[in-house]
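Encoded as structure tokens, the structure appears first; notes follow it.
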Amino acid sequence: NNIIEVKNVHKSYGSGSAATHALRGIDLKINSGTFNCIVGPSGHGKSTLLQIIGGLDKPTSGQVNVMGEQINALSDQKLANFRSLKLGFVFQFFNLLKGLTVLENIQIPLMFAKIPAKQQEQRAKELLQLVDLSEKAQAKAFELSGGQKQRVAIARALANNPELLLMDEPTGNLDSESEAEVLKIIHELHRNGKTIVMVTHSKEIADQGERIITIKDGMVCE
Ligand code: ADP
Ligand code: ADP
8 NNIIEVKNVH KSYGSGSAAT HALRGIDLKI NSGTFNCIVG PSGHGKSTLL
58 QIIGGLDKPT SGQVNVMGEQ INALSDQKLA NFRSLKLGFV FQFFNLLKGL
108 TVLENIQIPL MFAKIPAKQQ EQRAKELLQL VDLSEKAQAK AFELSGGQKQ
158 RVAIARALAN NPELLLMDEP TGNLDSESEA EVLKIIHELH RNGKTIVMVT
208 HSKEIADQGE RIITIKDGMV CE
């Protein structure tokens, strides 16, 4: 039961002699419900692979199937819809809208999904409870600590109840205490059936997952 199937994916940035070949023939299958960590040296293609799996970038060639959808073939509009409704993203630097409140940030994907306003607020409050941050509902995003920001980002990623969560160094910018809190939430999500694909620099974190996928020179070497 593969939730992700990547076939012979290449990705180049630029062209001709100046081109960077970020991915060079990636083949990868990921099982539904598993906790996967992508590791490897800096600059070897980890983020590029995650972005392509998440439809934030397109491969130069090859096929990417996510939840039965051939996403490399989708139009930009359909891809944007697919991303917002079916996937949850968590980034190293949170990507929250700083001037909005915590609740408003979590409601953004729900707005996109055209959920009625009243239900948006209800759902956002439930999600905030899940990440243990109810007391910050009305705080502005910029007022939070790094760990709190990342918990809000996780709540936002969960808004439309995606089966698949894509995380790029989610603890890369956190102190060790916040890192532990965020990892605890990620483990809990996995236990509740989510598929996790997480890029990490840390071997200790990668060892906590079920599968380590090593990327070197734009290729998988497991
Ligand atoms: P990692 O996540 O393993 O550090 P990346 O996937 O970020 O590696 O980068 C892989 C290679 O692709 C690097 O050489 C990087 O400089 C290059 N690269 C990544 N994104 C871009 C981009 N938008 N434009 C040009 N080159 C890029
Ligand atoms: P675009 O502006 O390219 O159409 P989107 O509006 O889909 O992109 O998304 C804008 C940003 O918000 C992207 O960085 C995307 O990863 C992020 N995003 C979209 N949907 C969600 C979601 N459900 N949870 C978390 N982040 C999301």
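The letter at position 174 of the sequence shown is residue 181 when you use full-length UniProt numbering, and the numbering goes up by one with no holes. Quick reminder that beta carbons are idealized off the backbone N, C-alpha and C, glycines included.
task = Buried or exposed for C228, please, with buried defined as at least 16 other CB atoms from any protein chain shown within 10 angstroms of its CB.
result = exposed
query = Apart from the five residues on each side of it in sequence, which residues of its chain come closer than 7 Å, Cβ to Cβ, to F96?
reply = G61, A164 and L173
ask   = The beta strand (DSSP E) with M74 in it runs from where to where?
value = Looking at the DSSP string, M74 is not in any beta strand (DSSP E), and its letter there is neither H nor E.
inquiry  = Beta-carbon within less than 6 Å of Q114's beta-carbon, same chain only, minus the 5 sequence neighbours each way: which residues are those?
reply    = Q127 and A131
Collapsed DSSP secondary structure at L103 in the structure displayed = coil
ask   = When the distance is taken between beta carbons, is N112 closer than 9 Å to residue 3?
value = One cannot answer for residue 3 here, as it falls past the ends of the chain, which runs 8 to 229.
key: Other residues of its chain near V13: CB distance less than 6 Å, five sequence neighbours each side excluded   = I33, L35 and V71
query = Looking at the unbroken alpha helix (DSSP H) that takes in D83, where does it start and where does it end?
reply = D83 to K93
query = When the Cβ atoms of the stretch 176-185 are set against those of the stretch 16-31, are three or more pairs found closer than 8 Å?
reply = no
key: Residue range of the beta strand (DSSP E) that includes A29   = T27 to N38
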